[in-house]
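For reference, the structure discussed in these notes is given below.
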Amino acid sequence: MKKIIKAKNKKVRLSSHIKPEKYNLVLKPDLEAFIFSGKETINIIIDKDIKELTLHSKDIKIITAEIIQNKDKQFSSKISYNTEAETVSFKFKDVIKKGKAKLSIVFEGIINDHLRGFYRSRYSIDGVTKHIATTQFEATDARRAFPCFDEPAHKAVFDVSLIIPGSHTAISNTLPTNVGEHEGGYKVIEFASTPRMSTYLLAFIIGEFEFIEGYTKDNVQVRVFTTKGKKHQAKFALDVAIKSLEFYNDYFGVHYPLPVLDLIAIPDFESAAMENWGAVTFRETALLVDEEHTSFANKQWVAIVIAHELAHQWFGNLVTMEWWTDLWLNEGFASYMEYLTIDHIFPEWKVWDLYLTERYSIALRLDALVGSHPIEVPVHHPNEINEIFDAVSYAKGSAVIRMLADYLGADIFKKGLQYYMKKHSHGNTNTVDLWNAFEKVSGKKVKAIMNNWTSKTGYPVLSVTEKNKNLTINQERFYSSRVSRAQTKEKTLWQIPLKYIDNKTTGKILLTKKSSTLPISSVGKVNTGENTVARVKYDKITLDKIINEIEQGTVSTHDRLGIIRDMFALAEGGYIDTTEALDLALKYKNETEYIVWSEISSGINKVAHIIHDENFKDIYYKYANEIWSPLAQKMGWEKKIAEDASHTFLRNLALSNAAFYGDKEIIKHAHALWKKGNIPADLRSVVYGIVARTGGNTEWKKFESMYKNAKLDEERDRVGRALGGFRDKTLLSKTLTYAMSDKVRMQDAPFMIGTVWQNPSGRDLAWKFVQHNWDTISKRYGEGGHFLGRILAPLGGHIKVKDAKDTEKFFKTHDAPGATRTLEQSLERIHSNVAWLKADKNKIKKWLEKNYKK
Numbered sequence: 096m097k098k099i100i101k102a103k104n105k106k107v108r109l110s111s112h113i114k115p116e117k118y119n120l121v122l123k124p125d126l127e128a129f130i131f132s133g134k135e136t137i138n139i140i141i142d143k144d145i146k147e148l149t150l151h152s153k154d155i156k157i158i159t160a161e162i163i164q165n166k167d168k169q170f171s172s173k174i175s176y177n178t179e180a181e182t183v184s185f186k187f188k189d190v191i192k193k194g195k196a197k198l199s200i201v202f203e204g205i206i207n208d209h210l211r212g213f214y215r216s217r218y219s220i221d222g223v224t225k226h227i228a229t230t231q232f233e234a235t236d237a238r239r240a241f242p243c244f245d246e247p248a249h250k251a252v253f254d255v256s257l258i259i260p261g262s263h264t265a266i267s268n269t270l271p272t273n274v275g276e277h278e279g280g281y282k283v284i285e286f287a288s289t290p291r292m293s294t295y296l297l298a299f300i301i302g303e304f305e306f307i308e309g310y311t312k313d314n315v316q317v318r319v320f321t322t323k324g325k326k327h328q329a330k331f332a333l334d335v336a337i338k339s340l341e342f343y344n345d346y347f348g349v350h351y352p353l354p355v356l357d358l359i360a361i362p363d364f365e366s367a368a369m370e371n372w373g374a375v376t377f378r379e380t381a382l383l384v385d386e387e388h389t390s391f392a393n394k395q396w397v398a399i400v401i402a403h404e405l406a407h408q409w410f411g412n413l414v415t416m417e418w419w420t421d422l423w424l425n426e427g428f429a430s431y432m433e434y435l436t437i438d439h440i441f442p443e444w445k446v447w448d449l450y451l452t453e454r455y456s457i458a459l460r461l462d463a464l465v466g467s468h469p470i471e472v473p474v475h476h477p478n479e480i481n482e483i484f485d486a487v488s489y490a491k492g493s494a495v496i497r498m499l500a501d502y503l504g505a506d507i508f509k510k511g512l513q514y515y516m517k518k519h520s521h522g523n524t525n526t527v528d529l530w531n532a533f534e535k536v537s538g539k540k541v542k543a544i545m546n547n548w549t550s551k552t553g554y555p556v557l558s559v560t561e562k563n564k565n566l567t568i569n570q571e572r573f574y575s576s577r578v579s580r581a582q583t584k585e586k587t588l589w590q591i592p593l594k595y596i597d598n599k600t601t602g603k604i605l606l607t608k609k610s611s612t613l614p615i616s617s618v619g620k621v622n623t624g625e626n627t628v629a630r631v632k633y634d635k636i637t638l639d640k641i642i643n644e645i646e647q648g649t650v651s652t653h654d655r656l657g658i659i660r661d662m663f664a665l666a667e668g669g670y671i672d673t674t675e676a677l678d679l680a681l682k683y684k685n686e687t688e689y690i691v692w693s694e695i696s697s698g699i700n701k702v703a704h705i706i707h708d709e710n711f712k713d714i715y716y717k718y719a720n721e722i723w724s725p726l727a728q729k730m731g732w733e734k735k736i737a738e739d740a741s742h743t744f745l746r747n748l749a750l751s752n753a754a755f756y757g758d759k760e761i762i763k764h765a766h767a768l769w770k771k772g773n774i775p776a777d778l779r780s781v782v783y784g785i786v787a788r789t790g791g792n793t794e795w796k797k798f799e800s801m802y803k804n805a806k807l808d809e810e811r812d813r814v815g816r817a818l819g820g821f822r823d824k825t826l827l828s829k830t831l832t833y834a835m836s837d838k839v840r841m842q843d844a845p846f847m848i849g850t851v852w853q854n855p856s857g858r859d860l861a862w863k864f865v866q867h868n869w870d871t872i873s874k875r876y877g878e879g880g881h882f883l884g885r886i887l888a889p890l891g892g893h894i895k896v897k898d899a900k901d902t903e904k905f906f907k908t909h910d911a912p913g914a915t916r917t918l919e920q921s922l923e924r925i926h927s928n929v930a931w932l933k934a935d936k937n938k939i940k941k942w943l944e945k946n947y948k949k
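Start counting the sequence shown at 96; every next residue gets the next number (this note's numbering).
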């Protein structure tokens, strides 16, 4: 695959001979001019005599820098900035001796509007615009708020003081110890010393807030802060936070070390949330729940996000990765623990089922690309660091942890984590430290088993053959692209913990060779429970047996899911014909579980996506509707009494798919509900999507009005997605223009553009729009971070060679900082789509014409 951008790999780590011990930081923000002034004293330890020292600083103007050692003081004789390395260096006339010293700095900065560093968030109350000053420092943006040693291993204690307007509230990682008057109507709030921690976890938030509070069993104060008028939406979050904190205290065996945990809803926020120690910040849609207008899906999302961020108070905050190479130690574990916790709090939600079709499926899709990366990936420049906040670190990280937990057993796994936490509290670690902890308590060779799972890209496909009561399993790396598979010679061998069904009992084995043979009496599902990160390809005899069992209803939910998911993935990768997967989907007509239907939906929709421009698309829609219309009719529009979450999700899935593939009765009913109004929260996304896809200018104007007047951010998100769902290109052009206007928050525009781009009717339109407006997009989102990658991700859905060439040509002359890996993956996906369609188009057409053309 041709590379179009050369990633920066220059090492930008600070020298190791200077270490911070403590920061005394005073900041005074101006919420009208959006600037701030600050002064800090950093207690440092110097390992050798020096005349110059360097630390991180970006977009900060240094006024003075002074070094104090014993009774000697001297101001810096020269201050120089390195924009590329994001550092500032101070030269001194006299030698600074080895030992302890204090570095005192006076500086100024900007409260920016980039959602990074120390930034401003805007909201309105009764037509009056108000602002919050808040922080987002992960991964490398503390340096935008104050000069610092901005690396995870440079842990220190922070004493924070904020000078703010008397009418405002200030929140930081710890509780205030003193509030004093200051000139000009300001007040000074001094906060208690933090634990020893990394700079990216520091936080300070200033604004006009209200809050509700509660306490855990061991008397930790938990508060949820909102802008005024919204605290009634914080009750659910408070309950989940308290229960999550209590669960983690018990599970990790180390108690949360702070007296307070604050959760703060911020109107403008790049991600879902950020785990700042003791002061967790959230996008409003990830924290607030309105009992009347919040869907069950979003309520569940709020719970999951809270559990994720609170897991970080241990995995990330208490024990921190040494460097961003081991980001997965933070995100992979939080992504695993979120499900463990919510399953404990809400067992009726069956969130581990949802895990298989959410986190786990995402991991399998991304890591099947050559352009993926190992869980442990060397990174240097901040743009490279930002790029690994992706599905590999989060989803694959959690998947290999889940696999290990299943292999070791729940009790041993828990004991290993407790040993790890106690040994490394307030310190920094790498992946080997975790494996050592598990080896200590289990006696198993965890390091050897797990090495290739974290140090190598990809995962295996297991080819299963049954002959003469023997089961042969061969492993090789799985590729979702037949192009990549043909071009790449990968010889990684994984040690694979595997469960399989033998005569209706579960067998276990650790595969260590390329080919393994097992004596069996009657083979069933391999990788039963879907615990191992792998695909499985069966020979025809074995597959026919399993399909027969599926039709008889004797295969578990997780295993039914695994079979159909792998079949569609194998079809995409060229391991089998696509028609085999399409035919298998028909055998699931008696399926009752949402998570299985979700995978069927994903597979059918992916094929629909690549054949969208073909002349047999209408016949394919007949096939799809044979699957979806009966299910939609069975589920109906009305929620049943005491209905579980799976049925709520399945109804939405069935109705959406049936309407997409042309069920006129479903479309008609959706429009009737739309005209009637007062749509139940759980059905709004479905109805809005159907109305948009089959609507025109009148509906577009109505959605625009709804977007403008929405009181709840969740509702605004629903309407925003609908605005990208029309088929009329003129209306989609209006949506793209609207997304970049001041009527849409900077945080929301990428998702609105993405919705248009993922819409087959808007695919080419959105790509042209992004190219035409690249200067504006780059200026707004091109400071690194995650936004450019999110905007460009839909490129991977294109299905023409021409689009790949256009992409290569455009980005030869246009930078996309933080999105290099996304672009490479998108190119790989485009070429994969082209090759898939070329290889299987005629076979799909003939199969459809044989079975559906009348």
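Virtual Cβ for every residue (Gly too), placed ideally from N, Cα, C. Just so we're clear, the structure is a prediction, and the values are computed from it rather than from any experiment.
Check	Outcome
For Lys635, does the three-state DSSP call read helix, strand or coil?	helix
Nearest to Phe364 by CA position, among Ala228, Lys863, Asn685, is which residue?	Ala228
Going along the chain, which residues of its own chain have a beta-carbon closer than 7 Å to the beta-carbon of Gln866, five neighbours each way excluded?	Phe905
Apply the 10 Å Cβ neighbour rule to Val223 and answer buried if 16 or more other Cβ atoms are within range, or exposed otherwise.	exposed
For Asp462 versus Tyr346, is the C-beta distance shorter than 7 Å?	no
With a Cβ-Cβ cutoff of 7 Å, do Ala298 and Asn268 count as a contact?	yes
Taking just the CA atoms, how far does Val556 sit from Leu831?	40 Å
To the nearest angstrom, how far is the alpha carbon of Phe129 from that of Arg630?	52 Å
Would you tell me roughly how many angstroms separate the C-alpha atoms of Gly784 and Ala486, rounded to the nearest one?	26 Å
Please name the residue, chosen from Leu566, Val618, Arg580, that lies closest to Leu606 on a Cα-to-Cα basis.	Leu566
Three-state secondary structure (DSSP) at Arg215?	strand
What is the rounded straight-line gap between the Cα of Gln853 and the Cα of Ala240?	37 Å
Give, in chain order, every unbroken run of the alpha helix (DSSP H) that is at least 4 residues long and sits entirely within the stretch 726-765.	740-755
By DSSP's criteria, Phe364 is part of a beta bridge. Which residues make up the other side?	According to DSSP, which records beta bridges pairwise, Phe364 is partnered with nothing at all.
Around the C-beta of Asn752, are 16 or more other C-beta atoms found within 10 angstroms, so that it is buried, or is it exposed?	buried
For Thr380, does the three-state DSSP call read helix, strand or coil?	helix
Kindly list the residues whose CB is nearer than 6 Å to the CB of Gly145, restricted to its own chain and excluding five residues on each side of it in sequence; keep chain order.	The sequence given here has Ile at residue 145, not Gly. Cβ neighbours of Ile145 beyond the five flanking positions: Ile191.
Just the C-alpha distance for Leu162 and Glu246, rounded to the nearest angstrom, thanks.	According to the sequence provided, residue 162 is Ile. The question's Leu does not apply to it. Distance between the alpha carbons of Ile162 and Glu246 is about 22 Å.
Quick one: residues in its chain with C-beta nearer than 6 Å to the C-beta of Ile300, no 5 flanking neighbours on either side, listed in chain order?	Thr229, Ile266, Ile359
In angstroms with no decimal places, state the Cα-to-Cα distance between Ala861 and His226.	32 Å
If we count the other Cβ atoms within 10 Å of its Cβ and call it buried at 16 or more, is Lys97 buried or exposed?	Per-residue confidence for Lys97 stands at a pLDDT of 43, beneath the threshold of 50, marking its modelled position as unreliable; the derived number appears in the next sentence. Result: exposed.
What does DSSP give as the partner residue(s) for Met369 in the beta ladder?	Thr376
With DSSP collapsed to three states, give me the class of Thr321.	strand
Along the alpha helix (DSSP H) that carries Ser493, what are the first and last residues, could you check?	492-503
How about the stretch 784-794 and the stretch 721-741: do they share at least three Cβ pairs that are nearer than 8 Å?	no
Of the residues Val414, Trp418, Ala332, which one's Cα is nearest the Cα of Phe982?	What is shown of the chain runs 96 to 949, which leaves residue 982 out entirely.
What does the alpha-carbon distance come out to for the pair Gly857 and Thr380?	26 Å
Taking Asn710 as the reference, which of Leu943, Ser575, Tyr431, Ser800 has the closest Cα?	Leu943
So, with DSSP's three-state summary, where would you put Lys338?	helix
May I have the straight-line CA-CA distance separating Leu679 from Thr560, to the nearest angstrom?	19 Å
For the alpha helix (DSSP H) holding Asp438, just list the boundary residues, first then last.	423-440
Return the chain-ordered list of same chain residues with a C-beta closer than 7 Å to the C-beta of Gln920, the five sequence neighbours on each side being excluded.	Leu464, Gly466, Gly891
Whole angstroms are fine: how far does the CA of Ile591 sit from the CA of Gly619?	18 Å
I'd like to know if the stretch 692-700 and the stretch 668-684 are in contact, where contact means that at least 3 CB-CB pairs between them fall below 8 Å.	yes
Taking DSSP as the reference, what is the three-state secondary structure of Pro957?	It is not possible to answer for residue 957, since the shown part of the chain is limited to 96 through 949.
Examine the ligand NAD and report whether any of its heavy atoms sits within less than 6 Å of the Cβ of Thr420.	Among the ligands in the structure shown, none appear at all, so the ligand NAD cannot be discussed.
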